[in-house]
Every structure is written in C-alpha cells, then in structure tokens.
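Read the structure below first, then the notes.
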DNA sequence: TTGTATGCGTTATCAC
DNA sequence: GTGATAACGCATACAA
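Next up, the structure:
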C-alpha cells in the first residue's frame, strides 16, 4: 500500500526499448523521432500513466521553477482574492503555477514567506507589502534577474515594478463628488497606520479636492480607524462635534463597513457618504452606497503581465502602473447637505 | 546582468574548504560538526547569501515536493479565500507551501490544474470539486499514497476524505427558526444546478424542517437561481403567487444578494428572510440579515489537518468531517408573518 | 569529525 | 533517427 512508485522517463524507455532521451524527445517534440517509435512511446506513456516530473525538469542547469509566488496580507479579503485570480489567469497560459501565502500584514511572516518562495526558485515574485516592511533583502535577487512586482502598494528599499490603484485621483474624485453636491464639511475616515501608502495617497486626494474647491482643511475632520468598530466610534464622535461634517469619505471598505451602520443607528440618513472600494451589498443599502470602485482583477493581471514581460527579457527600468478606479453613484454620495439653518 | 548564478552548497563548501556534505550537515543539523567549521560555514552561507534549493532537496529518492495543492472555484469569493487562509495556516508550520488555482467551476480547468499539481509531485491535494466533475482519474494517486481531501463538497468516483459544512442541519435550523416565528409558507431559493451537493443537502434540510412541523411541501415555493439577478427575478415571481410565501430561505449568499434587494425594491419589509452563509454587510441592512453562518476558516483548517494526518501515516478509511454552522439572529429572520386576513 | 560514492528524473551536448 | 554521458543541487549510506 502507498508505495507504487510513479513511472519515470526511464521506465517508459525501458518498456519501449529505447533510451530516456528518446522518450524525452517525443514528449517535448524536440529532435527528430521516427513515427514508429513515436507512436510506441506515446502508447506506453498512456499505458503507464506517465507524467513528467516538473521538479526534475525545472532543475535543469540554471532553470527556475515554473511558479510565481504571491504574498498578500489576507486571502479572505475579496480584494486580494480577486487580485490573485487576476494573477493566476494571466500566468496560467504561460504554464506557470501560483504559489500563494498570506502575511497577516506582518513583516516577519512576509519575509519568511518570501524566503521560502526564493528557496523554491520561483520565476517571479508578486508582493502586497505589509505596512512598514523593507525589501532591501531582495536586491540580490533582483540583480540576478528575478522579476519582482509590488502590488497595491509600492515596496520599500527596492527598485521594482509596482501596480497600484489610482488612489489619489480616486479619492479626489470621490470627495469632489461630495463637494459638487454642496458639501463643505467633509470627514475623512482612513486606515491605520496613517503611514500606510493607500491611506496617505487617498488622504492626499482628499486634501487636493478640498483645496481645489477653496475649502479650508480641518484636522478635526480627519480620523483614523483600523477596523469597522473603530470607524463607527470615530463617526459617532465626528457627528457630535460642534460643527459636524455633513458628508463622510470612507477611505477603505473596513471604514465603510463601520460608517454605514454607525450612520444607520444614529438615524442620520442625511449624512452623505462615499466609500473607497466596492462592497457586495453596496447597492442594497438604503440609500445605496456610492463608492470609488477599484478593479482588483485588472491589478492582478497587470502585475502578472509585468512579471511575464520581465521574464520575456524586458530589462527596461522599473515602472509603476496605475489602474483606474470608477465612481459608482448609488445614492449615498448624492445626498445634499441640510439647508443652512440659524446656528444655535 | 541578470546572470549571477545563485550560490550552491558546493560554492559554500569550496569557499570554506570542506566538502558539500559538511555544509549540508551544518545546515540540517545532521551529523556532528566541529564548532570551528560550523561557524565558518555559517559565516560563508551568510556572506554568499546561500539558500538551499528546495527543488533539489525535494527531489531526493522518492520524495514529494513540500507543497499542498488547493483548487477552488473562485479565489475572489471570500468563502473560498478564507478556506484557503485556513489551509495555509495549518500547513505552514509543517514547512509546506500552498499551491493554488481556481477552476471557475469548470471541470476541464479543474482537471488541468490537478494534473499540473500532480506533475509537481505535491504532498497533498485539496479540492473544492466543480459541479459534475469526476475524480476517478485520481485513483492511482490515492493508491500510491497521495492524501486527497474534498472541501465544501464531496468528490465523485473516489474514496477520499472530505470536509463539509453542516448543510442539512443548518438549513433545517434556519427554516425551523422561521417556522418558530409563525411562518408556514416558506420559499426556498437554491443554487443551480439543482444537483449541486450544497443545493441538495440544504434543500433536504428545508424539507425536513417542514415535515417536522407538519407543513406540507409546496413545489411552487422552491426555485432555482444561479446568481443574484436570477434570485431577484424568482423572488418577485414568488411574491406574485396567489398564495405567496411569508418567508424566504436563501440557500447561499448569491441568493441572499438577490433576495435582499428584491424585497427592498418591492417594499416588502414584512417578508422574513434567513440566508445560508454570512455576508459582510449583513448586520447593516434593515432589518439585519439573519443567517446560518458557515466557518470557512475552520473548514480549511480541518481539511489541512486531514492531509497532515494522512501524511503522518494515518491509513484509516476515508472520513467526512462536518463543520458546524451557527444561526445568527439579526432581525430579518425574526419577522412575524402578517396576521391572517380575509382572503380576497 | 569529515569525506566518497551514488542517486533523484530530467534535459543538453555531442557522438554515432 | 538514436544513444551515451554529464549535469542540475542536494541528501543518504557508508567509509575513513
């Protein structure tokens, strides 16, 4: 039980009465082979259920493994899952397989995962860098030709390709949308840590929209929350301000997930809301949630294509691709501010 | 450029002035090594940035690759993403890496993916079988000792371990919950194809709850929908029946995603609803969506543990593990039926 | 404590 | 057309 060794090239060869190399030739359509032996080989391959061992094949002189490694913070997050799907789609046709792991947004785990991938001699590396992680240790690899692409956020300490969403522009568009509907007191609920790339760029978009409209920046309206609960708390606090916001920009979907119920529970259907990143039930809410939607599948595909291009010999300098976002109007972002009333 | 060959065991050995085997001993803490050479080896390993080649290591006599393969229908689905996360967590500590791919619920793709995984000589295989796929082709592998675990749905044509949710019981509990709140006309919105395992088992639970309550089964209340849109259409049709349902059981989250907006648009806040599988915004809806929540991370972990146990030598017969589900009350499932009125 | 011989399954090279 | 030989990077078994 559990011990029937898989057939090898040599087994097939022996059974046919040729050398392994001939079998190899048939399978890889390499050198010339007589039609007779060719047929015989294929027959025996079928009979024995022979499958070439990719480990052995990839171990040829200097060859890399036919895999690409992908590190994400969390596979359960549909954003990263969809990114991964995009990567896999783009990579599969080239005979590459996806090696995947999650870092839990923790630098040590990310590092360990990447190290394992490198030990496997992956053909390309795609990383959604954890906050604060440093990729200097990848320099040697990059120099020796390993394609590295940072996804969703740029990496640090390494000149490598990157694919990101149009974060700043998306936030600007989202906030400008609220301004266009008459709002001037607009809160920003962003991720923690505040140094996170997506947080910073989106906040920059927020500020630039305000500036473009000649609206002064009020630091009291900018809050940080790392989960829905914290976002809910933050919103309640905002609404309790002496001069509260009439609109909220939720800079990611954890923020949206907190802001939406907080507004609902407070019975504040008059507060406008635009979220960054789409949610499955966004259209079902009342009002529907207006969002700046990202395109995670496109991000994954773009990242994979960069890896493939590098693998194909593209030695040009590192680029950053920006994937467009889309404003999806569903109601919450089109609410007008309350009519100006006599201040108490 | 791009051609500095990675250092090998031999390179390190040469630089230290010992044989490769000695270096190997140091790295694997195998045989005895003098403290002097040990230190020297480690120094050179560091200096050269040497990383053992896992491909080569795994190619030892009869050894399998230190990976497990996971095939899911769709990585963008947070359910499967979370399953994958559970698998990875459980597997990582044992030094195994996750090889992942999505089948798009299509049998040929699933087959191709598995074949590739086999060619890589994975140590274990986890599959969420696509509807209608047959796994007879895996018999040889199973017999030669490859651990195979079906996830979320049992496989066909192969005696292998499986991990599934408590589908039947969950549906029974969900429907019984509606019955307990006074409903007797309860619709069932299930997946397509109706032969899908999860569809069948959940429908069985639905029927058994009805039977237990002495409620006759009305085929007109059972509908099939494969996406939110179809589910919405189906619900509208149900509500237009002469004797419409007062409650709906949505047997998966695509169904919920269609039923919720359909009820909202129809202004039917009086229709009770219980969904199978949780949704991120479920608590935010009005009323909150009552669901039978699955535990995808636990499913992934359980599946991985089965693989590990088999890898550890467990040769007992194939088992099916059932992961419990939980009824989460949020409002929609606790709505009473409308008071009986004179029929028109 | 360290070295030698050998093998894993495949492909490259060069010969016949 | 086909074969013999070496090599990829590491580990196992046995010697020294």
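Residue numbers (full-length UniProt numbering), protein chains in the order written: chain A, 1 to 344; chain B, 1 to 344. Glycine included, each C-beta is placed from N, C-alpha and C at the ideal position.
In whole angstroms, give me the CA-to-CA distance for residue 344 of chain B and residue 235 of chain B. Its pLDDT being 45, under 50, residue 344 of chain B is placed unreliably by the model, and nothing is read from it.
Can you give the beta carbon distance from residue 311 of chain B to residue 123 of chain B, rounded, assuming they're within the 8 Å contact cut? 6 Å
- Query: In chain order, what residues of the same chain lie with their CB nearer than 6 Å to the CB of residue 287 of chain B, ignoring the 5 residues before and after it?
  - Reply: 331 and 332
Handout entry: Per-residue burial, residue 2 of chain B [other beta carbons within 10 Å of its own, 16 or more giving buried]
Key = Confidence at residue 2 of chain B is low in this model, with a pLDDT of 46, below 50, so its placement is unreliable and the value that follows should be read with caution. Per the 10 Å Cβ criterion, exposed.
- [ ] Tell me, please, whether the CB atom of residue 165 of chain B is closer than 8 Å to any CB atom in chain A?
- [x] no
* Asked: So the alpha helix (DSSP H) residue 57 of chain A belongs to, where does it begin and stop?
  -> 54-58
- [ ] Starting from the beta carbon of residue 84 of chain B, find every residue of chain A whose beta carbon is closer than 7 Å, and list them in chain order.
- [x] 75
Quiz item: Using a beta-carbon distance below 8 Å, is residue 56 of chain B in contact with chain A?
Solution: yes
Can you list the residues of chain A that residue 158 of chain B reaches, using a CB-CB cut of under 8 Å? Those do not exist, as residue 158 of chain B stays about 15 Å from chain A at its closest Cβ, beyond 8 Å.
ask   = Checking contacts by CB at 8 Å: is residue 118 of chain A closer than that to chain B?
value = yes
Practice task
Give the residues of chain B in contact with residue 213 of chain A, contact being defined as C-beta atoms less than 7 Å apart.
Solution key: Correct list: empty, because the minimum Cβ distance to chain B is about 30 Å.
*Given that residue 98 of chain A touches chain B, what residues does it touch there, using C-beta distances under 8 Å?*
99, 100 and 101
- Query: Would you say residue 308 of chain B faces chain A, with C-beta separation under 8 Å as the test?
  - Reply: no
Please decide whether residue 135 of chain A counts as near chain B, where near means a Cβ-Cβ distance under 8 Å.
no
Any idea if residue 241 of chain B is buried or exposed, counting beta-carbon neighbours within 10 angstroms, 16 or more meaning buried? exposed
> Buried or exposed: which applies to residue 262 of chain A, given that a residue is buried once 16 or more other Cβ atoms fall within 10 Å of its Cβ?
Replying inline: buried
Worksheet entry | Spatial distance of residue 143 of chain A from residue 109 of chain B (CA atoms) | 36 Å
* To do: Please decide whether residue 12 of chain B counts as near chain A, where near means a Cβ-Cβ distance under 8 Å.
  => no
If contact means a Cβ-Cβ distance below 9 Å, which residues of the region 6-34 of chain A contact chain B? 6
Fill in: According to DSSP, residues forming a beta bridge with residue 8 of chain A
The partner list for residue 8 of chain A (beta bridge, DSSP) is empty, contrary to what the question assumes.
Note to self: When you compare the region 201-221 of chain A with the region 247-260 of chain B, are there three or more beta-carbon pairs, one atom per stretch, that lie closer than 8 Å?
What the structure shows: no
query = Whose C-beta lies closer than 7 Å to the C-beta of residue 327 of chain A among residues of the same chain, with five residues either side of it excluded?
reply = 173, 174, 177 and 292
Query raised in the report: According to the neighbour-count rule (16 or more other Cβ atoms, all chains shown, within 10 Å of its Cβ), is residue 370 of chain A buried or exposed?
Result: The structure shown does not extend to residue 370 of chain A, since chain A spans only 1 to 344, so no value can be given for it.
(Q) Tell me the DSSP secondary structure of residue 185 of chain B in three-state form. (A) coil
Nearest neighbour of residue 91 of chain A, chosen from A:329, A:335, A:302 and A:319 [CA to CA]: A:302
Next item on the list: Could you name the residues of chain B that residue 252 of chain A contacts, counting a contact when the two beta carbons are closer than 9 Å?
Entry: What residue 252 of chain A touches in chain B: nothing, since even the nearest Cβ is about 13 Å away.
Please go through the region 100-183 of chain B and give each complete alpha helix (DSSP H) segment of 4 or more residues, from N-terminal end onward. 107-119, 139-143 and 167-180
Exercise for review: Check the Cβ-Cβ distances between residue 140 of chain A and every residue of chain B, and say whether any is below 8 Å.
Suggested key: yes
Residues near residue 33 of chain A by beta carbon distance below 7 Å, same chain, minus five either side: 22, 25 and 26
- Message: Would you say residue 78 of chain A lies against chain B (beta-carbon separation less than 8 Å)?
- Response: yes
request  = Measure how close the beta-carbons of residue 69 of chain B and residue 117 of chain B come, nearest whole angstrom, since I'm counting them as under 8 Å.
outcome  = 4 Å
I'd like the span of the alpha helix (DSSP H) that includes residue 50 of chain B, first residue to last. Note, residue 50 of chain B: premise wrong, no alpha helix (DSSP H); not H, not E.
Task: Beta carbon of residue 103 of chain B nearer than 8 Å to that of residue 75 of chain B - done: no
Report task. Report the residue from A:35, A:294 and A:284 whose alpha carbon sits nearest the alpha carbon of residue 267 of chain B. Result -> A:284
Examine chain A for any beta-carbon lying closer than 8 Å to the beta-carbon of residue 314 of chain B, and answer yes or no. no
Check whether the Cβ of residue 121 of chain A lies closer than 8 Å to any Cβ atom in chain B. yes
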